[in-house]
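S.K.:
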Amino acid sequence: MEDLALDALPAEGLDVSDPSIFAQNLQGPIFERLRREDPVHYCSKSPYGPYWSVTRYKDIIEVDSNHGAFSSAGATSLDEVRAKGVSADATPIGGFLSMDPPGHGAQRKIVTPALAPSNLVKFQDLIRERTRGVLGTLPIGEEFDWAKTVSVELTMLMLATLLGFPSEGRLRLKRWSDIIAGVPGDGVVESWEQRDQELKEMARTFLMLRDERRAQEPASDLLSIMAHSPEGQALSDMEFASNVSILIVGGNDTTRNSMSATVMSFHENPGEWAKLKANPAMIDSAVSEIIRCHTPIMSQGRRATQDYELGGKTIRKGDKVMMWYISGNRDETAIRDADRFIIDRQNPRHHLSFGFGIHRCLGNRLADMQLRILLEEILAQGWSRIEVTQPPQFAQSSSVRGVRSLPVRIHP
Amino acid sequence: MPKVTYIEASGAEHFVDAPTGLSAMEVAIDNSIPGIDGDCGGQAACATCHVFVDEAWSEEVGGPSAHEAQMLELAEGAQQNSRLACQINFRSDWDGLVLRMPAAQF
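Residue numbers (my numbering), protein chains in the order written: chain D, 61 to 472; chain C, -14 to 91.
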C-alpha cells in the first residue's frame, strides 16, 4: 500500500475506500499526497462505485456546512449497503444523521437536551467515580489490554446510563456498535445477512425497552425522553431503531477509541506527557489535541444535489462526496505542525473531528468531559507512565478509527 | 477604537478594545476571554461562539442571517437576541457594546 501511495496517480484515481489501509494504519502518507497533489480527488472505480475525496481542511468545512448542496440522505457512508442493509425489511442505521432539513432538525431536537452541557453536569460525579474505580483496579507492572479493560468498560458504563440501558447488558451495546459500523470481513461482521439479523435483534430489544418506558413515568435518560416526547412518539418503529443506532455508534466508537488514543499519544510523545504532569491546566487543550490527532470518525459522506465547484473541480449533481476528516486534521495549510502531537498548541479546538454544520457531533461536550476526567484521574494515580508494549490493532474500517487492542504496562 | 464589554455567565466582566474589521469571536479569542470557543474558526459552522447581544444594542447590531439562525438552533438556550460572535463585525461607532455569554457553549 505504501508503494502505491508513492507511485504516480493511477489514471482512474487513487482509491482510499479500502478499509485495510486503515487497519494497517497506512493512511497518513496517502492523504498527505492527495492534499498536496489533488486535494479534491475523483476516484472513478471502487468497490462502492465512483466517489470524490475531499481532503483539505477548508474544503471539508465548505462541504460540511452546505447541507443544501451536499445531502446526507442515505449517503453518509462510503458503503451505502451499510446504511440501508440488503433486504427491504432491514433495519436502517443512521437516524437523523442521514437526513436533511426539515426532518433532520425535528428528530435531532428530541435527543439534544440530554447531551447539552447543563444536563451533562449531572453525570460528572458519576463519571469520575467510575473512572477512579476502573483505574484503581488496574494491575501495575503487568501487561494488559487498555482498550478492553479501560476504554470499552468506561464508555459502555456511560452509554448504558445515558441511554437508560440495563448496565449488566452493556457489552451488548459494544457488540451492536461494532455491527452497525461494520462491513463483512472486518472480523466482526461475517455477512450482510448476519449483520441484518443482529440489527433486527438490536431493534427488537430497544423497541421493547421503549414500550417499558412508555408505561413508566418520564425520566432523564435518552430512552425515556424518546419514549415520552411528542416528537419521539411520532417516530415509527424503524425511525426509532435507526436513531438508536446513531446514538450507540456516536456514544461508543468515538469516546472508546479516544480513550485508547490518549494512551497511544502520550506513549509516542513522552515530552508531552512530562509537560502535562508538570502543568495539569493543559488537560483541556490536551483533550482537543487527542481528538484531533486520532480522529475517531475518519470520514462522512454526502451526495451532491447540484453541480458544485470545489478546489477547481466540478462535482456533478448526484456524485458521492467523501469528507476525510482524518486528512483535514493533518492539513499543514490550516494547522501548523499538523502531524505533531502538541498539547499546548494555539487554537486546539480548531479540528474537524466533530464535523461542522447541522450534523456537528451532538456528544462533543460529553466526549470532552469523559476524556478530561480520564486524564485528571490518570494524573491523580501518580503513575510515572503508561507504556504501550505491543503495536495496537486497528479496526478494518474506512469510517471509524477503532483501536481493537492496546497492550500496555503501567509503570508505578 | 470602540470599547466593548463581554460578560461571562458568572457575571465576570471583560473590557476590551475592539478593532474595527475584526469579529466579536476573534477579539474574544485574541484577548483570551473564557466562554467563547469558536471551534470552526469563524465560518458560522459550529455555534460555539454563541452570545447574547445586550437589549440596548440588539437593533443596532441586527439579527442573524438565515444560515447563522440555523446554527443557533443547535445552541443551548438560544434567545431572541442570540448571535454567533463570529458573524458580528465591530463598527467604529459601537463604543459601549455589551455582549453576554451563555453558561456553556454546545
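The beta carbon of each residue, even a glycine, is placed where N, CA and C say it ideally should be.
Is the Cβ-Cβ distance between Q456(D) and S80(D) less than 8 angstroms?
M.R.: Yes, the Cβ-Cβ distance between Q456(D) and S80(D) is below 8 angstroms.
S.K.: Mapping DSSP to helix, strand and coil, what is A(-3)(C)?
M.R.: A(-3)(C): coil per DSSP, three-state reduction.
S.K.: Between R85(C) and chain D, is there a C-beta pair that is closer than 8 angstroms?
M.R.: Not an interface residue.
S.K.: Taking A150(D) as the reference, give the member of T136(D), I240(D) and A129(D) with the closest Cα.
M.R.: Nearest C-alpha to A150(D): I240(D).
S.K.: May I have the straight-line CA-CA distance separating A346(D) from K335(D), to the nearest angstrom?
M.R.: Their Cα atoms are separated by approximately 10 angstroms.
S.K.: I'd like to check one pair, L219(D) with N312(D): are the Cβ atoms closer than 8 angstroms?
M.R.: Yes.
S.K.: Beta-carbon within less than 8 angstroms of G224(D)'s beta-carbon, same chain only, minus the 5 sequence neighbours each way: which residues are those?
M.R.: Cβ neighbours of G224(D) beyond the five flanking positions: L269, R273, A279, D281, L282, L283 and S284.
S.K.: Starting from L7(C), find everything on chain D with Cβ-Cβ shorter than 7 angstroms and list it in chain order.
M.R.: Simply none; closest approach about 16 angstroms.
S.K.: Within 8 angstroms of any Cβ in chain C, is that where the Cβ of D63(D) sits?
M.R.: Bear in mind that a pLDDT of 48 at D63(D), under 50, signals an unreliable position, so the model cannot answer this.
S.K.: So, is the C-beta of G417(D) closer than 8 angstroms to a C-beta in chain C?
M.R.: It does; some Cβ of chain C falls within 8 angstroms.
S.K.: P330(D) to S132(D), Cα distance in whole Å?
M.R.: When rounded, the distance between both Cα atoms is 41 angstroms.
S.K.: What first and last residue would you give for the beta strand (DSSP E) that runs through C353(D)?
M.R.: C353(D) -> not in any beta strand (DSSP E); alpha helix (DSSP H) instead, spanning I343 to H354.
S.K.: Mapping the DSSP letters down to three states, classify C103(D) as helix, strand or coil.
M.R.: Residue state, collapsed to three classes: strand.
S.K.: Closer than 8 angstroms, CB to CB, is G27(C) near chain D or not?
M.R.: Chain D, which has no Cβ nearer than 8 angstroms to the Cβ of G27(C), makes this no.
S.K.: Give the residues of chain D in contact with C31(C), contact being defined as C-beta atoms less than 7 angstroms apart.
M.R.: Neighbours of C31(C) on chain D, chain order: F416 and R420.
S.K.: Pick out whichever of R142(D), A275(D), T115(D) and I395(D) has its Cα sitting closest to the Cα of C25(C).
M.R.: Nearest of R142(D), A275(D), T115(D) and I395(D) to C25(C), Cα basis: I395(D).
S.K.: Whose C-beta lies closer than 8 angstroms to the C-beta of E291(D) among residues of the same chain, with five residues either side of it excluded?
M.R.: Cβ within range, chain order: A166, Q167, K169 and I170.
S.K.: DSSP puts V460(D) in a beta bridge; with which residues?
M.R.: Note: V460(D) sits in a beta bridge opposite I357(D).
S.K.: Would you mind listing the alpha helix (DSSP H) stretches within the region 191 to 271 of chain D that are 4+ residues and don't spill past its ends, in chain order?
M.R.: DSSP runs (the alpha helix (DSSP H)) wholly in the region 191 to 271 of chain D: 213 to 223 and 230 to 241.
S.K.: So, is the C-beta of H410(D) closer than 8 angstroms to a C-beta in chain C?
M.R.: Yes, H410(D) counts as interfacial toward chain C.
S.K.: Have a look at E113(D) and E53(C) and give me their C-alpha separation to the nearest angstrom.
M.R.: Just to set this straight, residue 113(D) is Ser in the shown sequence, not Glu. Each residue's Cα considered, the two are about 27 angstroms apart.
S.K.: What's the C-alpha gap between I187(D) and R432(D)?
M.R.: Looking at the two C-alpha atoms, the distance is approximately 11 angstroms.
S.K.: With a cut-off of 8 angstroms, does the C-beta of F37(C) fall near any C-beta of chain D?
M.R.: With 8 angstroms as the cut-off, F37(C) does not count as an interface residue toward chain D.
S.K.: So, at 7 angstroms on beta carbons, what are the nonlocal neighbours of D185(D) in its own chain, with the 5 sequence-adjacent residues on each side left out?
M.R.: Excluding residues within five positions, none has a Cβ falling inside 7 angstroms.
S.K.: Of all Cβ atoms in chain D, is any one closer than 8 angstroms to the Cβ of D15(C)?
M.R.: No, D15(C) does not count as interfacial toward chain D.
S.K.: Return the chain-ordered ranges of every alpha helix (DSSP H) run that is complete within the region 366 to 396 of chain D and spans a minimum of 4 residues.
M.R.: Whole alpha helix (DSSP H) segments, 4+ residues: 385 to 388.
S.K.: Applying a beta-carbon distance threshold of less than 8 angstroms, which residues of chain C neighbour D124(D)?
M.R.: In chain order: A30.
S.K.: Measuring only the C-alpha atoms, how far is L412(D) from L231(D)?
M.R.: Spanning the two alpha carbons is a distance of roughly 29 angstroms.
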